[in-house]
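J.: Please see the structure below; I have some questions.
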Amino acid sequence: MRWKGGRRGGNVEDRRGMSGGKLAGGGIGFVLIALVVSYFLGIDPQPLLEAGSGMSNQQQTGDVGTPEDEAGQFVDVVGTNVNDVWAGLYDGYKKPNVVVYSQGTSTGCGYGQAAMGPFYCPADQTIYLDLSFWQQMETQLGASGADFARAYVIAHEFGHHVQTLTGASQQVRQAQQRASSKAEANKYSVALELQADCYAGVWAAHAATASNGKVALERGDMEEGLKTANAIGDDMLQKRSQGRVTPEAFTHGSAEQRMEWLSRGYQTGDPRQCDTFN
726 MRWKGGRRGG NVEDRRGMSG GKLAGGGIGF VLIALVVSYF LGIDPQPLLE AGSGMSNQQQ
786 TGDVGTPEDE AGQFVDVVGT NVNDVWAGLY DGYKKPNVVV YSQGTSTGCG YGQAAMGPFY
846 CPADQTIYLD LSFWQQMETQ LGASGADFAR AYVIAHEFGH HVQTLTGASQ QVRQAQQRAS
906 SKAEANKYSV ALELQADCYA GVWAAHAATA SNGKVALERG DMEEGLKTAN AIGDDMLQKR
966 SQGRVTPEAF THGSAEQRME WLSRGYQTGD PRQCDTFN
């Protein structure tokens, strides 16, 4: 993937090396339990975190700009390009905040832990990235280490921001509250996650145009992205963690579904083709 000549937005907040803050409520033990439940069983951890691990009122603020290290610069360039693409596709687009951190940090949605992987908090419209997750994906989950595979993960979180702007995220949360079972609620979560995958593909389709070719996929990049989508499918994660597949517990979609929707977004370049709810 070509990216080093891409535009830098200079709006990445770098909290790496900062203390994660103090936990109230259930404390760190509760957080780790919630994360283990989420990771291995495919359950959304946010309600658990909100219920049991409220942060103290201490707010964290890191340096805002373009990080000096290559990984931080990659986040800035890719995030800036994703913003440029969506600004051209969605009227009234407002870019999210981006925070890179290590181990743990305070968020508008509770306490963020590296074990959660990259995540988006709608309460403060911020994407949180512990960059060690990339290595974990490669060494523990069998995902690709290619630049585009990592960019796909970032673009997926930006997709969740788009869903907040369109109201899709709020509609899903309301539908989940009305759901008659956890399995039904999970289906809405799967649709939301697959749409974010499709939106990541839409970004990839427009990346070169939005950057005059300075950020662009190269031969073999999409295959590396699909390798990662396959590795982080719910069925693959469940097989790895518990040795069996439980479809009713899916929250992000199967490997096949994640690859399908990433491909569809890339092939069409049209967010209107990302209707995973119908």
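Read the sequence shown against our numbering and you will find it ends at 1003, with the numbers running on by one and no gaps. The beta carbon of each residue, even a glycine, is placed where N, CA and C say it ideally should be. Predicted model, so just to flag it, every value in this text is computed and none were measured.
Do you know whose CA, among A876, E943, R740, A921, lies nearest H977's CA?
T.: For the purposes of this step, residue 977 is taken as residue 252 along the sequence shown, with counting starting at 1. Comparing alpha-carbon positions, the option among A876, E943, R740, A921 lying closest to H977 turns out to be A921.
J.: Per DSSP, what are the beta-bridge partners of S906 in this structure?
T.: The residue labelled residue 906 in the question sits at position 181 within the sequence shown. S906 is not bridged to any residue.
J.: DSSP beta-bridge partners for G938?
T.: Walking along the sequence shown from the start, residue 938 turns up at place 213. None, per the DSSP bridge assignment.
J.: To the nearest angstrom, report how far apart Y764 and Y836 are at their CA atoms.
T.: By one-based count along the sequence shown, residue 764 stands at place 39. By one-based count along the sequence shown, residue 836 stands at place 111. In this prediction, Y764 has a pLDDT of 41, which is less than 50 and means its spatial position is unreliable; what the coordinates show is noted afterwards. Approximately 16 Å, taken between the alpha carbons.
J.: Given D788, which residues of its chain have a CB within under 6 Å of its CB, disregarding the five upstream and five downstream residues?
T.: Translated into positions along the sequence shown, residue 788 becomes position 63. Excluding residues within five positions, the ones whose Cβ falls inside 6 Å are D739.
J.: Going along the chain, which residues of its own chain have a beta-carbon closer than 6 Å to the beta-carbon of G730, five neighbours each way excluded?
T.: Locating residue 730 in the sequence shown gives position 5, where the first residue counts as 1. Result list for G730: K939, in chain order.
J.: Of the residues V800, M726, W728, which one's Cα is nearest the Cα of N736?
T.: Locating residue 736 in the sequence shown gives position 11, where the first residue counts as 1. Comparing Cα-Cα distances from N736 to each of V800, M726, W728, the minimum goes to V800.
J.: Using three-state DSSP, classify T976 as helix, strand or coil.
T.: Position 251 of the sequence shown, counted from the start, is the residue given in the question as residue 976. Coil, per DSSP.
J.: Okay, do the segment 943-961 and the segment 868-880 touch, 3+ Cβ pairs below 8 Å being the bar?
T.: Between the segment 943-961 and the segment 868-880, the count of Cβ pairs shorter than 8 Å is three or higher; the stretches touch.
J.: Can you tell me the Cα-Cα spacing of V802 and N937, whole angstroms?
T.: For the purposes of this step, residue 802 is taken as the residue at position 77 of the sequence shown. For the purposes of this step, residue 937 is taken as the residue at position 212 of the sequence shown. Between V802 and N937, the C-alpha separation is close to 13 Å.
J.: Could you say which of Q838, K907, D855, A893 lies nearest to L917 if we only look at CA atoms?
T.: Position 192 of the sequence shown, counted from the start, is the residue given in the question as residue 917. The shortest C-alpha separation from L917 is found at A893.
J.: Quick one: is Y815 buried, meaning 16 or more other Cβ sit within 10 Å of its Cβ, or exposed?
T.: Translated into the one-based positions of the sequence shown, residue 815 becomes position 90. Exposed, since its Cβ has fewer than 16 Cβ neighbours within 10 Å.
J.: Within the same chain, show all residues whose beta-carbon is closer than 6 Å to that of N955, passing over the 5 residues directly before and after it, in chain order.
T.: Counting from 1 along the sequence shown, the entry for residue 955 is found at position 230. Contacts found: A980, M984.
J.: Strictly by DSSP, which residues pair up with I852?
T.: Numbered from its first residue, the sequence shown carries residue 852 at position 127. Residue pairing of I852 in beta bridges, as defined by DSSP: V823, Y845.
J.: Need the endpoints of the beta strand (DSSP E) that V803 sits in, please.
T.: Taking the sequence shown and counting its residues from 1, one reaches residue 803 at position 78. Unbroken run through V803 is the alpha helix (DSSP H), 795-814; no beta strand (DSSP E).
J.: What residue does the beta strand (DSSP E) around T889 start on, and which one ends it?
T.: Numbered from its first residue, the sequence shown carries residue 889 at position 164. Taken as a continuous stretch (DSSP letters only), T889 belongs to no beta strand (DSSP E), being part of the alpha helix (DSSP H) at 872-891.
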